[in-house]
Amino acid sequence: MAFQSKNIFINLPVKNLNKSTNFFRELGFEFNPQFSDETTACMIISDNIYVLIMVEERFKGFSKKEIADTSTSAEAIFCLSAESRDQVDELVNKALASGGKPSNDPQDHGFMYGWSFQDLDGHLWEVVYVDENAINQG
Numbered sequence: 720m721a722f723q724s725k726n727i728f729i730n731l732p733v734k735n736l737n738k739s740t741n742f743f744r745e746l747g748f749e750f751n752p753q754f755s756d757e758t759t760a761c762m763i764i765s766d767n768i769y770v771l772i773m774v775e776e777r778f779k780g781f782s783k784k785e786i787a788d789t790s791t792s793a794e795a796i797f798c799l800s801a802e803s804r805d806q807v808d809e810l811v812n813k814a815l816a817s818g819g820k821p822s823n824d825p826q827d828h829g830f831m832y833g834w835s836f837q838d839l840d841g842h843l844w845e846v847v848y849v850d851e852n853a854i855n856q857g
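Per this note's numbering, the very first residue in the sequence shown carries number 720; after that it's consecutive.
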């Protein structure tokens with residue numbers, strides 16, 4: 720039987736926990752105070768997906784590797800699904816207005832539309848809408 724995880728917890732280092740928490744709150748994300756403290760904030764992506772943003776010193780306790788320099792390296796791209804093209808634009812525009820930086824220009828593939836941004840720490844976030852009706856007709 721293949722391994723299947725019930726939940727996903729993504730750990731991300733940040734320079735300033737309060738600024739990062741406020742940034743993601745402005746985008747509409749909520750946080751679970753039960754799993755948050757002065758070094759970590761548990762951001763809720765969905766019922767089973769969480770991002771633990773933690774100050775760099777706390778993050779270093781979980782890895783022997785150096786923290787990626789996001790100004791020159793991409794450690795990952797975190798892709799979030801959206802319910803519409805408008806929702807893609809709305810979330811990315813909120814991110815840019817809240818201090819995030821542009822990443823890639825919007826990409827329109829007909830059945831799929833996406834746009835991306837960098838958060839305050841340079842982590843890459845992509846927001847994508849997939850029109851399942853267009854896929855099923857193809």
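Backbone N, C-alpha and C define an ideal beta-carbon position, used for all residues, glycine too.
Check: Is the number of C-beta pairs between the segment 782–791 and the segment 823–835 that are closer than 8 Å three or more?; Outcome: no
Check: Excluding the five sequence neighbours on either side, which residues of its own chain have a C-beta within less than 7 Å of the C-beta of VAL770, listed in chain order?; Outcome: ILE729, LEU731, MET762, ILE764
Check: Specify, as a first and last residue, the run of the alpha helix (DSSP H) that ASN730 falls within.; Outcome: That residue, ASN730, is in no alpha helix (DSSP H); its beta strand (DSSP E) goes 727–733.
Check: Please go through the segment 782–825 and give each complete beta strand (DSSP E) segment of 3 or more residues, from N-terminal end onward.; Outcome: 796–800
Check: Are the segment 740–756 and the segment 805–825 touching by the rule of at least three beta carbon pairs closer than 8 Å?; Outcome: yes
Check: Please identify the residue among TYR832, PHE836, GLU809 whose C-alpha is closest to the C-alpha of SER822.; Outcome: PHE836
Check: Using a Cβ-Cβ cutoff of less than 8 Å, which residues in the same chain neighbour LEU736 once the five nearest sequence positions on both sides are dropped?; Outcome: GLU757, THR758, THR759, ALA760, ILE772, MET773, VAL774
Check: PHE750 lies in the alpha helix (DSSP H); which residues open and close that run?; Outcome: Unbroken run through PHE750 is the beta strand (DSSP E), 749–751; no alpha helix (DSSP H).
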